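One structure is given below, encoded as structure tokens.
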Amino acid sequence: MDARKLFDDMTERDLLSWNMIIRAYGRHEFPQEALVLFYQMQRTGVQPDHFTFASILPVCAKLGALEQGFQIHQRVTRSGFGLDFVVHSALMDMYAKCGSMQKALELFDRMPQRDVVSWTAIIAGYAQNGLAEKALEAYQQMQQRGVQPDQFTFASILPACAKMGALEHGMNIHQSIRESGHLSNCIVQSALIDMYAKCGSIKKARKLFDTMHRRDVVSWTAMIAGYAMHGYCKDALKLFQLMMHSGTQPNHASFVCVLFACSHVGLLDEGCKLFNCMSDSYCIMPKMDHYVCMVDLLGRAGYLEEAFNFIIKMPIKLDTVVWISLLGSCRLHKDIGLGEFTASLLFETYPVNTAAYNLMSKVYAEVGRWGDFQKVRRLMKDRGIKKMPGCSWIEVDKRVHVFLARDRSHPQTQKIYAKLEELSLEMKAAGYMTDSRYAQNDVEVEDKDIFIDHHSEKLAIAFGLLNTSPETTIRVVKNLRVCADCHTATKFISRIVAREIVVRDANRFHHFKSGHCSCRDYW
Ligand code: ZN
Ligand code: ZN
179 MDARKLFDDM TERDLLSWNM IIRAYGRHEF PQEALVLFYQ MQRTGVQPDH
229 FTFASILPVC AKLGALEQGF QIHQRVTRSG FGLDFVVHSA LMDMYAKCGS
279 MQKALELFDR MPQRDVVSWT AIIAGYAQNG LAEKALEAYQ QMQQRGVQPD
329 QFTFASILPA CAKMGALEHG MNIHQSIRES GHLSNCIVQS ALIDMYAKCG
379 SIKKARKLFD TMHRRDVVSW TAMIAGYAMH GYCKDALKLF QLMMHSGTQP
429 NHASFVCVLF ACSHVGLLDE GCKLFNCMSD SYCIMPKMDH YVCMVDLLGR
479 AGYLEEAFNF IIKMPIKLDT VVWISLLGSC RLHKDIGLGE FTASLLFETY
529 PVNTAAYNLM SKVYAEVGRW GDFQKVRRLM KDRGIKKMPG CSWIEVDKRV
579 HVFLARDRSH PQTQKIYAKL EELSLEMKAA GYMTDSRYAQ NDVEVEDKDI
629 FIDHHSEKLA IAFGLLNTSP ETTIRVVKNL RVCADCHTAT KFISRIVARE
679 IVVRDANRFH HFKSGHCSCR DYW
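Structure (structure tokens):
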């Protein structure tokens, strides 16, 4: 950096020069250095002003350095710069990005007037902290107060819609973007593509992608990720080739998407070739995500031993996810031996990982070893490990409804359960059978009969059927992987009610139509 050399050569450094160098480091990829300089400046006796604080707080936000951010906040208060509007917004943004929404909200409430920057900090904070419903609520409040969103607001709220699968909200926001003249913004466009893809409308995503005048690696990757998630893996690979021909360099995320696509259709050779070309031709060193995709690719294709050897040779620190992926493949191919070995390793090294217990118990269940199934369940219970609660979202009439398993909090609960009862009878008549062995053998379940029948996605689907017109596609988003029973049940339901049902689970999309699913039961 030429500026740094100039700065180092200075004999006397005043506040202005310190501010400039801190800002330069903070804005570029050197947040850590900016923080060091900030402390250095104070040691030399130069006192920070509102410009310094406005530059250093985003640095703490970038680093997720809550402790330092908090100390700087105290400093701001002592120096009286807390009343400065820009500093106040930067403080709020720092707390939100460091995961302390409560502090961010306290500051927000104290603001005499709130502009688009402060609203956006709150919306983005909610979205990044996984509180998508709250983000949407704040976005609506902001509009009610007459504050116009800008490109940063749009780029923050769209991922929240994507998370909940709130297509109608997303489409409304698309309309606002069009009206406000921000549609040509590349970041906003990529966020829109991502939203449409994640809300199940891959055609709309592609249409938007095709109209873009300038595409960067983020927009290409959003589209490729969309195809991969929907199981259109050939399209994902084709687009990846197109991107390279267009001269756009793929990044880490682009490779994760294509490798994911390869593993989901079992393109072993293609995947291995891509994995090697990543470091050989693009100098991108594989990270954990890429290794997990490779373990998944080998394992799903049935090369369990190769997958195991691949893990052993991995040059980076091992993570639970790789072992979980291998255990998933052991389940798929009913390899009890390797499954037990992997599970014992996981139970010992990461004793609180829910997924390991879940998967291992299912490995046993699938070969009918119910005694061993119970043993794993009991171990899980003894160690106090709770399953993550399943949660499903469905958007109807511009409102997002959330359901948990066995949820009875919704105003339409009676009707929903009656609908499920009615569907259950029709399904049984059509040949569907609940696999009640899980419920009967699970030591944790108290109310065994209703356990599987009332999973969150089933409640959401029943609610959707009750509240939408007959030709509407039902779209549900689930936070975990959809279970085998719900998967079978949804196939039956799609045929009985003659509706398309789209379910996005933690892994991918399932398009249910006329009794079939697009994943061909491979998920
Ligand atoms: Zn289920
Ligand atoms: Zn499926």
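Throughout, the numbering used here is defined as the position within the sequence shown, counted from one, plus 178.
Even glycine gets a Cβ: it sits at the ideal position worked out from N, Cα and C.
Just so we're clear, the structure is a prediction, and the values are computed from it rather than from any experiment.
Close Cβ partners of residue i (< 6 angstroms) along its chain, the five nearest in sequence each way excluded
{"i": "Ser696", "result": "Gly409 and His689"}
{"i": "Pro337", "result": "Ala305"}
{"i": "Cys238", "result": "Gln246, Gly247 and Met272"}
{"i": "Phe387", "result": "Ile371 and Met401"}
{"i": "Phe687", "result": "Met407 and His408"}
Residue range of the unbroken alpha helix (DSSP H) whose run includes residue i
{"i": "Phe670", "result": "Ala662 to Ile674"}
{"i": "Glu518", "result": "Ile514 to Thr527"}
{"i": "Lys240", "result": "His228 to Leu241"}
{"i": "Phe581", "result": "Premise fails: Phe581 lies in the beta strand (DSSP E), Arg577 to Leu582, not in any alpha helix (DSSP H)."}
{"i": "Tyr700", "result": "It is not in any alpha helix (DSSP H) - Tyr700 carries neither H nor E in the DSSP assignment."}
{"i": "Ala373", "result": "For the sequence presented, residue 373 should be read as Met rather than Ala. Per DSSP, Met373 belongs to the alpha helix (DSSP H) from Cys364 to Lys376."}
{"i": "Ile594", "result": "Thr591 to Ala607"}
{"i": "Tyr460", "result": "Leu446 to Tyr460"}
{"i": "Gly425", "result": "From DSSP, Gly425 is part of no alpha helix (DSSP H); its letter is neither H nor E."}
{"i": "Asp186", "result": "Asp180 to Asp187"}
{"i": "Pro209", "result": "Pro209 to Arg221"}
{"i": "Tyr410", "result": "Segment: none, Tyr410 is in no alpha helix (DSSP H) and carries neither H nor E."}
{"i": "Phe330", "result": "Gln329 to Met342"}
{"i": "Ile639", "result": "Ser634 to Asn645"}
{"i": "Gln306", "result": "Val294 to Gln306"}
Among the options, nearest to residue i - alpha-carbon criterion
{"i": "Cys569", "options": "Val295, Val654, Ala662 and Ala344", "result": "Val654"}
{"i": "Tyr405", "options": "Ser358, Lys376, Gly425 and Ala543", "result": "Lys376"}
{"i": "Tyr542", "options": "His511, Ile250 and Ala310", "result": "His511"}
{"i": "Thr646", "options": "Arg686, Lys576, Ser358 and Phe231", "result": "Lys576"}
{"i": "Ile371", "options": "Val396, Gly546, Gly359 and Asn350", "result": "Val396"}
{"i": "Ala310", "options": "Gly348, Arg323, Gln326 and Arg288", "result": "Gly348"}
{"i": "Asn307", "options": "Ile335, Thr298, Arg288 and Gly277", "result": "Gly277"}
{"i": "Ala274", "options": "Val254, Thr255, Leu241 and Arg253", "result": "Leu241"}
{"i": "Trp548", "options": "Lys491, Met373, Gln618 and Leu601", "result": "Gln618"}
{"i": "Ala243", "options": "Arg253, Gln210, Gln280 and Gly258", "result": "Gln210"}
{"i": "Gly506", "options": "Leu496, Ile494 and Val470", "result": "Val470"}
{"i": "Phe453", "options": "Val443, Phe438 and His442", "result": "Phe438"}
{"i": "Ala181", "options": "Arg221, Ile594, Ile199 and Arg586", "result": "Ile199"}
{"i": "Phe263", "options": "Ala333, Gln280, Arg288 and Arg556", "result": "Arg288"}
{"i": "Ile679", "options": "Leu643, Ala662, Cys661 and Arg698", "result": "Leu643"}
{"i": "Ala667", "options": "Leu415, Gly693 and Cys440", "result": "Gly693"}
{"i": "Lys565", "options": "Ser602, Ser441, Leu537 and Leu184", "result": "Leu537"}
{"i": "Phe332", "options": "Leu420, His442, Gly343 and Leu361", "result": "Leu361"}
Whole-angstrom distance between residue j and residue i, CA atom to CA atom
{"i": "Ser614", "j": "Ile462", "result": "48 angstroms"}
{"i": "Pro290", "j": "Gly204", "result": "28 angstroms"}
{"i": "Leu482", "j": "Cys508", "result": "7 angstroms"}
{"i": "Met272", "j": "Asp394", "result": "28 angstroms"}
{"i": "Phe330", "j": "Met407", "result": "26 angstroms"}
{"i": "Thr651", "j": "Gln322", "result": "30 angstroms"}
{"i": "Pro648", "j": "Ser672", "result": "12 angstroms"}
{"i": "Phe229", "j": "Val214", "result": "17 angstroms"}
{"i": "Thr389", "j": "Thr298", "result": "27 angstroms"}
{"i": "Thr527", "j": "Trp501", "result": "11 angstroms"}
{"i": "Glu635", "j": "Trp571", "result": "8 angstroms"}
{"i": "Met702", "j": "Val554", "result": "The question about residue 702 has no answer, for the chain in this structure spans 179 to 701."}
{"i": "Phe208", "j": "Gln427", "result": "23 angstroms"}
{"i": "Arg191", "j": "Phe231", "result": "18 angstroms"}
{"i": "Phe433", "j": "Tyr460", "result": "11 angstroms"}
{"i": "Leu524", "j": "Asp447", "result": "29 angstroms"}
{"i": "Trp705", "j": "Met219", "result": "With the chain covering only 179 through 701, there is no way to say anything about residue 705."}
{"i": "Arg556", "j": "Leu582", "result": "24 angstroms"}
{"i": "Leu194", "j": "Asp293", "result": "28 angstroms"}
{"i": "Gly260", "j": "Pro567", "result": "41 angstroms"}
{"i": "Asp186", "j": "Trp196", "result": "11 angstroms"}
{"i": "Lys597", "j": "Lys451", "result": "50 angstroms"}
Own chain, CB closer than 8 angstroms to residue i, minus 5 neighbours either side, in chain order
{"i": "Ala684", "result": "Lys656, Asn657, Leu658 and Arg659"}
{"i": "Leu504", "result": "Val473, Gly477, Leu482, Ala485, Phe486, Ile489, Leu516 and Thr520"}
{"i": "Asp625", "result": "With a pLDDT of 43 at Asp625, under the threshold of 50, the modelled position of that residue is not reliable, and no figure is offered here."}
{"i": "Ile335", "result": "Ile301, Ala305, Ala313, Leu314, Tyr317, Pro327 and Ile351"}
{"i": "Cys364", "result": "Met390, Arg392, Arg393, Asp394, Val396 and Ser397"}
Proximity test, residue i beta-carbon vs ligand 4 heavy atom, cut-off 6 angstroms
{"i": "Cys695", "result": "In terms of ligand content, the structure shown lacks ligand 4 and carries ligand 1 and ligand 2 instead."}
Residues near residue i in its chain [Cβ-Cβ closer than 7 angstroms; skip 5 each side]
{"i": "Pro529", "result": "Arg561"}
{"i": "Ile563", "result": "Val530, Thr532 and Tyr535"}
{"i": "Arg201", "result": "Ser233"}
Delimiting residues of the beta strand (DSSP E) encompassing residue i
{"i": "Gly569", "result": "It should be pointed out that residue 569 corresponds to Cys in this sequence rather than to Gly. That run of the beta strand (DSSP E) goes Cys569 to Val574."}
{"i": "His391", "result": "Unbroken run through His391: none, as it is neither H nor E."}
{"i": "Lys491", "result": "Counting along the chain, Lys491 falls outside any beta strand (DSSP E), and DSSP gives it neither H nor E."}
{"i": "Arg653", "result": "Ile652 to Lys656"}
Which residues DSSP lists as bridging residue i, in chain order
{"i": "His689", "result": "Val680"}
{"i": "His694", "result": "Lys691"}
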